[in-house]
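Okay, so the sequence shown: first residue is 33 according to the numbering used here, each after it adds one. For each residue, glycine too, the CB sits at the ideal point set by N, CA and C.
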Amino acid sequence: MVDSPPPQSPRASKGLLISAAAALVALASCAVVQFSQSKPSWAVFRESPKELVDEVWQVINREYVDGTFNQVDWQQVRRTYVTDRTYNTREESYTAIREMLEKLNDPYTRFMDPQQFSNMQVDTSGELTGVGIQLAVDEKSKKLTVIAPIEDTPAFRAGIQSKDLITAIDGRSTENMDVNEAVRLIRGRAGTRVTLTIQRGNQAPFQVPVERQRIEIHPVRSSVRPDANAGPVGYIRLTQFNANASAEMRKAIQDLEKQNVSGYILDLRSNPGGLLYSAAEIARMWLSEGTIVSTIDRQGETDRISAGSRSLTDKPLVVLVDGGSASASEILAGALQDQKRATLVGTKTFGKGLVQSVHSLSDGSGIAVTIAHYYTPDGTDINKKGITPDIVLDLSDEQRQALRTDNTRIGSEGDPQYVRALGELKTRIAQARNAVTSNASGGAAQTARPAATPAATPGAAPVATPATTP
């Protein structure tokens, strides 16, 4: 469970959740999120559902990132939904709240009923029930879009891909459907099936039956890869930033250090994000100093998260990213790139640079509110833009399909992006060794990150959108 801290200022930074989508079918609500908690007032709510509507209005009025409320007269909204209306049931108040929030035209600012809010908190624990899809409503097309399937889940094994559109769930159209409703329809008892209708590019829509399962997600996998020239190389795949991620990452790095690896490949492909404190802690394992990420709210106030302690390793590092790498992944990748700690290899990342605050409301429901933009250490706003790797390497449709149908290829010689990352890492290891030799002989060490040269895979087909999950 995610612990909700006691009441605190809107700028509190505990319990931040960073992710790409508006919600996850087997993970959590996606966004850069700060958990806050209102003082419960169950008796008041039972007597007056209007109190809850006003409570939500007040949160938006106090915290929403855009002081113009996306050109909406927010005072008039209060007159319409609070002053001039009477509510007799909880459901009526929920409907009104959703109508209010829709006026902001912000898919990341959303209401969660008590069950949805509880699910979001439970999901970040890493023990999930569902099919393993990260979902969002695309801001431009307004279509229900797959950010990425979680590795080794039913959705992953069924072949669902990043950027797929889900046009129907068990035959019910998703037109104008919000993410919460989609999550409700896709989730269910373990062992049952849900049929998703998928639109992929220009292909005709097709149906994918997926069995729901109980999913325990260990976000970190690591191994040693022997290499005749570079020596042993540490490979770490991080699939999400959940409550287990930082502890598992720490253990992985420490174990690999004991095995005297020469350098690391950190694989963030298809990682949709997660908890901010997890992202910050993991960044500090690779960085000893410098800014990790900055956020700016509607008052123009800046908060910075920085590295300030000794990293676990300073050995050469290459990071793999793709179009499914979002939010917390982009914060980590952006920090490592801007601080010249790592070379990035792969394709452009998702481009999610907004911060949400999640509030527990008086009846046990919750609301996520966009409160800030975040920026990489160099001040780059990656929202809707993504991060371009130092070495851009796309995959052909055939290569992606091969990796999807046989995930043992991921991080192996059958994975072209991994092979390119390994080549770059070997170069960095050699340069680090030369720097040590130069120092020993009285020369100047070359410690800066080497310039990376863009490369292409022979036969790789260019695509208009960022690469799908490998």
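How would you call residue i, buried or exposed, if buried means at least 16 neighbouring beta carbons within 10 angstroms?
{"i": "R301", "result": "buried"}
{"i": "T115", "result": "exposed"}
{"i": "V468", "result": "exposed"}
{"i": "S310", "result": "buried"}
{"i": "F143", "result": "buried"}
{"i": "K458", "result": "buried"}
{"i": "D370", "result": "buried"}
{"i": "V215", "result": "buried"}
{"i": "A55", "result": "Confidence at A55 is low in this model, with a pLDDT of 38, below 50, so its placement is unreliable and no value can be given for it."}
{"i": "D429", "result": "exposed"}
{"i": "Q147", "result": "exposed"}
{"i": "Q107", "result": "exposed"}
{"i": "D366", "result": "Looking at the sequence provided, one finds Gly at residue 366 rather than Asp. By the 10 Å Cβ count, G366 comes out buried."}
{"i": "S470", "result": "exposed"}
{"i": "R336", "result": "exposed"}
{"i": "R432", "result": "buried"}
{"i": "D438", "result": "exposed"}
{"i": "F188", "result": "buried"}
{"i": "N466", "result": "exposed"}
{"i": "Q193", "result": "buried"}
{"i": "A260", "result": "exposed"}
{"i": "N120", "result": "exposed"}
Tell me, to the nearest whole angstrom, how far the beta carbon of residue i is from that of residue j; I am working on the premise that it is less than 8 Å.
{"i": "P237", "j": "T229", "result": "5 Å"}
{"i": "V377", "j": "R452", "result": "6 Å"}
{"i": "I179", "j": "A168", "result": "6 Å"}
{"i": "A339", "j": "S320", "result": "6 Å"}
{"i": "L349", "j": "Y296", "result": "5 Å"}
{"i": "L270", "j": "Q231", "result": "Incorrect: roughly 30 Å between the Cβ atoms, too far for contact."}
{"i": "I414", "j": "E362", "result": "6 Å"}
{"i": "P140", "j": "Q388", "result": "Correcting the residue type first, residue 140 is Tyr in the shown sequence and not Pro. The Cβ separation is near 6 Å, so the contact holds."}
{"i": "R219", "j": "G164", "result": "Between G164 and R219 the Cβ distance is about 11 Å, and since that is not below 8 Å, they are no contact."}
{"i": "D170", "j": "T177", "result": "5 Å"}
{"i": "R122", "j": "P81", "result": "6 Å"}
Pick from the options: whose alpha carbon is nearest that of residue i?
{"i": "G385", "options": "S359, D429, G398", "result": "S359"}
{"i": "S289", "options": "L307, G266, N303, Y113", "result": "A small correction: the amino acid at residue 289 is Glu; Ser does not occupy that position in the sequence shown. Selected option, being the one with the closest Cα: G266."}
{"i": "P421", "options": "I461, I442, L368, A275", "result": "L368"}
{"i": "N93", "options": "R204, I198, T402", "result": "T402"}
{"i": "N137", "options": "F188, E124, P409, D98", "result": "D98"}
{"i": "R342", "options": "Q331, T334, S326, A315", "result": "A315"}
{"i": "Y96", "options": "Y119, R117, L133, N120", "result": "L133"}
{"i": "R204", "options": "L217, N212, I192, S194", "result": "L217"}
{"i": "L308", "options": "N102, D299, I192, T327", "result": "T327"}
{"i": "E280", "options": "K172, S255, N466", "result": "S255"}
{"i": "Q449", "options": "R225, T379, N274", "result": "T379"}
{"i": "K283", "options": "E313, A260, A262", "result": "E313"}
{"i": "D202", "options": "Q331, K416, T224", "result": "T224"}
{"i": "T323", "options": "N120, A128, P409, L364", "result": "P409"}
{"i": "L364", "options": "P241, S194, F273, D438", "result": "F273"}
{"i": "D329", "options": "N303, H405, D287, V351", "result": "H405"}
{"i": "K195", "options": "V211, Q166, V351", "result": "Q166"}
{"i": "P241", "options": "A200, E213, N212, V211", "result": "A200"}
{"i": "N303", "options": "V351, T440, L454", "result": "V351"}
{"i": "S103", "options": "K135, A128, D287", "result": "What sits at residue 103 in the sequence shown is Gln, not Ser. Answer by Cα proximity: K135."}
Are the CB atoms of residue j and residue i within a distance shorter than 9 Å?
{"i": "F149", "j": "G305", "result": "no"}
{"i": "E445", "j": "I423", "result": "no"}
{"i": "Q245", "j": "P181", "result": "no"}
{"i": "S278", "j": "K347", "result": "no"}
{"i": "L435", "j": "L427", "result": "yes"}
{"i": "G411", "j": "T381", "result": "no"}
{"i": "T344", "j": "I268", "result": "For the sequence presented, residue 344 should be read as Leu rather than Thr. Cβ distance not < 9 Å, so L344 and I268 don't count as in contact."}
{"i": "V88", "j": "I399", "result": "yes"}
{"i": "P264", "j": "Q239", "result": "no"}
{"i": "V390", "j": "M152", "result": "yes"}
{"i": "H250", "j": "N234", "result": "no"}
{"i": "G418", "j": "G443", "result": "no"}
{"i": "E83", "j": "S392", "result": "no"}
{"i": "Y126", "j": "D145", "result": "yes"}
{"i": "A462", "j": "A262", "result": "yes"}
{"i": "W318", "j": "R253", "result": "no"}
{"i": "T375", "j": "R460", "result": "yes"}
{"i": "K172", "j": "T206", "result": "no"}
Does the beta carbon of residue i come closer than 9 Å to any beta carbon on chain B?
{"i": "D138", "result": "Absent from the structure: chain B. Only one protein chain is present."}
Report the residue ranges of all beta strand (DSSP E) runs contained in full by the stretch 139-173; include only those spanning at least 3 residues, in chain order.
Runs found: 142-144, 159-162, 165-169.
Which ranges does the alpha helix (DSSP H) cover as unbroken runs of at least 4 residues, wholly within the stretch 198-255, from first to last along the chain?
Runs of the alpha helix (DSSP H) inside the stretch 198-255: 211-218.
Which ranges does the alpha helix (DSSP H) cover as unbroken runs of at least 4 residues, wholly within the stretch 274-312, from first to last along the chain?
Runs of the alpha helix (DSSP H) lying entirely within the stretch 274-312 and spanning at least 4 residues, in chain order: 277-290.
In chain order, each beta strand (DSSP E) run of at least 3 residues that lies wholly inside the stretch 376-424:
Listed in chain order, they are 386-392, 398-407.
Length-filtered (3 minimum) beta strand (DSSP E) runs lying within the stretch 332-364
Listed in chain order, the beta strand (DSSP E) elements of length 3 or more contained wholly in the stretch 332-364 are 334-339, 349-353.
Only counting runs of 4 or more residues, tell me where the alpha helix (DSSP H) segments fall wholly within the stretch 444-471, in order along the chain.
Restricted to the stretch 444-471, not a single alpha helix (DSSP H) segment is unbroken, complete and at least 4 residues in length.
Just list the beta strand (DSSP E) runs in the stretch 94-143, keeping only unbroken ones of 3 residues or longer that don't cross its boundaries, in chain order.
Unbroken beta strand (DSSP E) runs of no fewer than 3 residues, entirely contained in the stretch 94-143, are not found.
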